[in-house]
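Written below as structure tokens is the structure these notes are about.
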Amino acid sequence: SITNLDGRRRISLEPGNTNPVHQIRAGRTGVFCGQYSVFGLLIGWLDLYPTLASALGYLAGSVVNYILNYIYSFRSQHRHGSTILRFYGAVAFGFCVNTTCMFLLNEQVGLWVWPSQITASVITVLVNFWVMKWLVFDR
Numbered sequence: 265s266i267t268n269l270d271g272r273r274r275i276s277l278e279p280g281n282t283n284p285v286h287q288i289r290a291g292r293t294g295v296f297c298g299q300y301s302v303f304g305l306l307i308g309w310l311d312l313y314p315t316l317a318s319a320l321g322y323l324a325g326s327v328v329n330y331i332l333n334y335i336y337s338f339r340s341q342h343r344h345g346s347t348i349l350r351f352y353g354a355v356a357f358g359f360c361v362n363t364t365c366m367f368l369l370n371e372q373v374g375l376w377v378w379p380s381q382i383t384a385s386v387i388t389v390l391v392n393f394w395v396m397k398w399l400v401f402d403r
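The sequence shown maps to residues 265 to 403 in this note's numbering.
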């Protein structure tokens, strides 16, 4: 942790720290930067099948997600070459988690589209944080 000028300690957001603030930064990066925008566009304007729209939104968000997680959430010092390969391996896993959750919640349980997507995102963000932390950026 880091000490402020007034002597109070503040939370460190350096790589390797698993405090909740660090987790929130990583989570909001992926959820709000692309995924929901694309998802909303695809179901709202193009009337696309919700599970497919969720899957495409997840993939679209992954591009912005990589850049923001590398620089902002995890402040990685690793080279992009090996990091991006690990990242997209983790994205493939998260894609399966997100799409499966969306399918089960929306199509099997019958939950409305947005609550299904939000719940799928929360589950995926929690899973992805740990995958990204331990396998991609903090190795």
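Ideal placement from N, C-alpha and C gives every residue a C-beta, glycine not left out.
As the structure is a prediction and not an experimental result, all values here were calculated from the model.
Spatial distance of residue i from residue j (CA atoms)
| i | j | result |
| --- | --- | --- |
| Gln299 | Gly345 | 24 Å |
| Val373 | Thr315 | 13 Å |
| Val391 | Gly353 | 13 Å |
| Met396 | Trp309 | 32 Å |
| Leu305 | Gly325 | 13 Å |
| Trp394 | Leu320 | 22 Å |
| Ser301 | Glu371 | 21 Å |
Selected residue, minimal CA-CA separation from residue i, among the options
| i | options | result |
| --- | --- | --- |
| Ala356 | Leu306, Tyr330, Gly304, Val373 | Tyr330 |
| Ser327 | Tyr313, Ile348, Leu312, Trp309 | For the sequence presented, residue 327 should be read as Val rather than Ser. Checked all of Tyr313, Ile348, Leu312, Trp309; the closest Cα to Val327 is Ile348. |
Close Cβ partners of residue i (< 7 Å) along its chain, the five nearest in sequence each way excluded
| i | result |
| --- | --- |
| Ser318 | Phe303, Asn362, Thr363, Met366, Gln381, Ala384 |
| Asp270 | Unreliable positioning characterises Asp270 in this predicted model, as indicated by a pLDDT of 47, which lies under 50. The coordinate reading is nonetheless provided below. So the list is empty, once near-sequence residues are dropped. |
| Leu369 | Leu375, Ser380, Thr383, Ala384 |
| Asn281 | Unreliable placement is indicated for Asn281, whose pLDDT of 48 sits below 50; no coordinate value is reported for it. |
| Asp311 | none |
Contacting residues, own chain, Cβ-Cβ under 6 Å from residue i (five flanking each side not counted)
| i | result |
| --- | --- |
| Leu323 | none |
| Ile387 | Cys365 |
| Phe359 | Tyr322 |
Contacting residues, own chain, Cβ-Cβ under 8 Å from residue i (five flanking each side not counted)
| i | result |
| --- | --- |
| Ile307 | Pro314, Ala317, Val377 |
Query raised in the report: In chain order, which continuous runs of the alpha helix (DSSP H) of length 4 or greater are located wholly inside the segment 294-373?
Result: Counting only runs of 4 or more, we get 300-308, 314-332, 344-366.
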